[in-house]
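Chains A and B, in that order, are what the protein sequence lines are.
Quick note: the first sequence uses the working numbering, first residue 5, plus one each step.
Quick note: the second sequence uses the working numbering, first residue 293, plus one each step.
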Amino acid sequence: DTGVSQNPRHKITKRGQNVTFRCDPISEHNRLYWYRQTLGQGPEFLTYFQNEAQLEKSRLLSDRFSAERPKGSFSTLEIQRTEQGDSAMYLCASRILPGLAGGEQFFGPGTRLTVL
Amino acid sequence: AQSVTQLDSQVPVFEEAPVELRCNYSSSVSVYLFWYVQYPNQGLQLLLKYLSGSTLVKGINGFEAEFNKSQTSFHLRKPSVHISDTAEYFCAVTGTGANNLFFGTGTRLTVIP
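The following block contains the structure:
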């Protein structure tokens with residue numbers, strides 16, 4: 005399978021704990037995005053990387069959130085001191101640049117986080 | 293910035309009937325528009341996209357959408373739905389110079405046998 009993969013698929017944690025999610029993009033895709041999707045809402049942009057450089061962060065990405073893409077391949081999203089409001093589906097997407105303008109972002113299956 | 297409004301949160305429709313899912317967008321710049329589908333416990337899959345040119349775009353699974361600049365709309369249509377079309381559908385927009393997608397709140401399409 006050469007699609008975007010995310011691990012774990014589900015994570016249940018207690019409030020105050022730290023969690024880390026991993027995204028493996030499609031090979032050779034140099035742009036990687038993180039989105040958050042809460043129940044009944046569409047995905048909301050969090051941040052994106054061009055290779056290993058984090059180029060943009062949404063105001064939704066509080067200081068408790070940090071994302072890395074150390075070698076320009078896989079990426080991790082860490083949430084420190086989780087809160088119940090962090091419960092959501094975290095989606096990763098990737099695309100290749102240069103490419104067609106407005107080119108398609110390919111999405112992974114997501115990691116569903118539940119904070120108790 | 294860009295934004296998207298999906299006017300219907302839920303649309304029930306009988307099998308083999310036509311369906312239209314509505315999407316309106318707001319932007320001060322030229323846009324690219326997308327429709328994604330999300331099946332339960334899965335990621336988003338691109339149905340179709342409008343970048344430029346013909347305002348009628350055809351996508352996968354028999355879906356099509358029409359870009360209407362004057363009405364700032366990008367409604368999704370299918371002439372005859374199947375049970376397998378039951379899913380959540382998201383309209384998304386990005387500015388031609390922007391990097392991320394702005395999604396609507398989604399429309400849940402339920403096809404009734």
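We put the CB at the ideal spot given by N, CA and C, even for glycine.
Bear in mind that the values here come from a model prediction, so they are computed numbers and not experimental data.
Sequence-distant residues of the same chain with beta carbon closer than 6 Å to residue i, five excluded per side
i       : result
E380(B) : Q330, G398 and R400
T80(A)  : T24, R26 and E72
S365(B) : N316
Neighbour flag for residue i against chain B, beta carbons, 8 Å
i       : result
L95(A)  : yes
E108(A) : yes
G76(A)  : no
P113(A) : yes
P47(A)  : yes
E56(A)  : no
G20(A)  : no
Below-8 Å beta-carbon distance, residue i vs any chain A residue
i       : result
L339(B) : no
L401(B) : no
G335(B) : yes
Which residues DSSP lists as bridging residue i, in chain order
i       : result
S301(B) : According to DSSP, S301(B) bridges with nothing at all.
Sub-8 Å separation of residue i and residue j beta-carbons
i       : j       : result
L117(A) : Y94(A)  : yes
F325(B) : F359(B) : Residue identity differs from the one stated: residue 325(B) is Leu in this sequence, not Phe. Against a cut-off of 8 Å, the Cβ pair of F359(B) and L325(B) comes out as a contact.
V296(B) : C383(B) : yes
Y317(B) : V385(B) : yes
Q88(A)  : R99(A)  : no
Spatial neighbours of residue i in its chain, beta-carbon cut-off 7 Å, leaving aside the 5 residues before and after
i      : result
G20(A) : R85 and T86
T42(A) : A92
Close-in-space but distant-in-sequence residues of the same chain around residue i (CB under 8 Å, 5 per side omitted)
i       : result
V305(B) : V311, V373, L401, T402, V403 and I404
L59(A)  : Y52 and F53
Amino acids of chain D, ordered along the chain, whose beta-carbon sits closer than 8 Å to that of residue i
i      : result
E60(A) : Among the chains of the structure shown, chain D does not appear; the protein chains present are A and B.
Against chain A: residues of the region 375-397 of chain B by CB proximity under 8 Å
F382, A384, T386, T388, N391, N392, L393, F394, F395, G396 and T397
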